[in-house]
DNA sequence: TAAAAAATAAGTACAAATACTTAATTTTTT
DNA sequence: AAAAAATTAAGTATTTGTACTTATTTTTTA
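Set out below in structure tokens:
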């Protein structure tokens, strides 16, 4: 469980790298296995050293840290990544999350927070510093806010079968019975029956109600 | 700007309150103006002392901390609120956000983080500890994830009229042409025409595609 | 106050969905 | 191996929507 965490540092400033390195190496189960001074080098070093964790600065020559995250994720590289940033920036934070970063720290964070983040990310968790939490909360409370509602659970014995779920998905994507029949290689009449049963089970009387209910109970 | 921050503490454990109090009072521009040992008392003390900030524990007799937040927000009380929790709990975190809390800390947080949270919340910010960031990120990346996508904007000259928007809303709520006609006191044929025009404008060929496109472009 | 845009509504023919029921196969669970 | 559940599919009559076009009346905007 408490194996050595192999880390790569990517930051174009020697002092920053050195600072982080000395901080990390005060911990005995962390070892810095590589360093990079720009985005391209970061990708290279990660590919060759295969570390557990990459700590990457956003502002770097030849690809930003966020681009590095994107590229690694597109390659399905499972390395954990903590993004470092100078200031709170909504754009950077959201882009990092979207790109698939596991953590986000400000350069001003304390040694304790740094290590906490590092360990939780290395263990498969996420750590986005409280300093940027307002950005996350904004995202969550703006928009539909539906995300915050505890999703209602389907009551009692209501069971939607596998096949019905397939039909439901196709229905919600805009397919008609005929298209569904073709897609699943069944008769149009069968598709109709599945649709009918779905509507009966969910007690709805038309497609839109079906769609609404399906979304409400996150059936898809 | 750096005025004294007036704080109320609500926690049913004397030791916790006392610990926080001594921590806070080591800061010179923070003063604890009230304490409460349960939810009801918290509401009372906040109402009478009108503090800048309430630090409230979740688990308390007579209304949980979250219920206290809800009640204060329903009364439009502008007090800033930091919720304290023993452990990371998705349910508690999400409920706190929904109730309108400005911050969320674990009881194990460091003195530094505590004070950082307190100051940023007192200054109108939000502070949700990094320890629970995985919950926030989950919320943001699950669901439609649409929250992270820049919402596409309707192209060019495409204009949906007021009436069409009304029809659209009714359509998406599951109404048929006849029902829409009745609701808007127009002929069923008129409702049909509006629906037809909508579908033509949005280049869709059935209700579900209309629904999907409407959602995608947040037309409703 | 024109001109443009929006809302209203009818007609027609055709396509699709609704609302069931019945029933033969498969597949899954016990 | 039997029972239960799921999938398949057909029949029938009725309702609703599709895909237009044409045209009058209101409302908005220039």
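Protein chains in written order, with the numbering used here: chain A, 2 to 221; chain B, 2 to 221. Ideal placement from N, C-alpha and C gives every residue a C-beta, glycine not left out.
Item, Value
"Can you pull the chain B neighbours of residue 66 of chain A, defined as C-beta to C-beta under 9 angstroms?", "Within 9 angstroms Cβ-Cβ: nothing; residue 66 of chain A doesn't reach chain B, min ~17 angstroms."
"Any idea which residues DSSP pairs residue 86 of chain B with across the strands?", "B:107"
"When you check each C-beta in the region 164–175 of chain B against every C-beta of chain A, which residues fall closer than 9 angstroms?", "172, 173, 174, 175"
"For the beta strand (DSSP E) containing residue 37 of chain B, name the first residue and the last one.", "31–37"
"For the alpha helix (DSSP H) that residue 215 of chain B lies in, which residues bound it at each end?", "208–217"
"Determine the chain B residues that contact residue 128 of chain A at a beta-carbon separation under 7 angstroms, and present them in chain order.", "131, 134"
"Hey, how far is the Cα of residue 64 of chain A from the Cα of residue 107 of chain B?", "37 angstroms"
"By the 10 Å Cβ neighbour count, where 16 or more other Cβ atoms means buried, how is residue 135 of chain B classified, buried or exposed?", "buried"
"Does the beta carbon of residue 118 of chain B sit closer than 9 angstroms to a beta carbon anywhere in chain A?", "yes"
"Which of helix, strand or coil does DSSP assign to residue 11 of chain A?", "strand"
"Considering only C-alpha positions, which residue in the set B:77, B:29, B:172, B:130 is nearest to residue 88 of chain B?", "B:130"
"Do residue 122 of chain A and residue 109 of chain A count as a contact pair if the criterion is CB distance below 9 angstroms?", "no"
"Quick check: what's the CA-CA separation for residue 92 of chain A versus residue 83 of chain A?", "16 angstroms"
"Reducing DSSP to helix, strand and coil, say where residue 58 of chain A ends up.", "strand"
"Nearest chain B C-beta to residue 138 of chain A closer than 9 angstroms, yes or no?", "yes"
"Per DSSP, what kind of secondary structure is residue 72 of chain A in: helix, strand or coil?", "helix"
"For residue 6 of chain B, write down the residues that DSSP places opposite it in a beta bridge.", "B:31"
"I'd like the span of the alpha helix (DSSP H) that includes residue 184 of chain A, first residue to last.", "178–185"
"Rounded to whole angstroms, how far is the Cβ of residue 209 of chain B from the Cβ of residue 208 of chain A, which I believe are closer than 8 angstroms?", "6 angstroms"
"Starting from the Cα of residue 197 of chain A, find the closest Cα among A:184, A:172, A:213 and give me that residue.", "A:172"
"What are the start and end residues of the alpha helix (DSSP H) that includes residue 134 of chain B?", "134–142"
"Can you tell me whether residue 146 of chain B is buried or exposed, with buried defined as 16 or more other CB within 10 angstroms of its CB?", "The pLDDT assigned to residue 146 of chain B is 44, lower than 50, so where the model puts this residue is not dependable; a value taken from the coordinates is nonetheless given after this. Exposed, since its Cβ has fewer than 16 Cβ neighbours within 10 Å."
"Among the residues of its own chain, which have a CB less than 7 angstroms from the CB of residue 133 of chain A, if the five just before and after it don't count?", "89, 94, 105"
"Report the three-state DSSP secondary structure of residue 146 of chain B (helix, strand or coil).", "Because the pLDDT at residue 146 of chain B is just 44, under 50, the model does not fix this residue reliably, and the point stays unresolved."
"Closer than 9 angstroms between beta carbons: that is the criterion. Which residues of the region 20–48 of chain A meet it against chain B?", "none"
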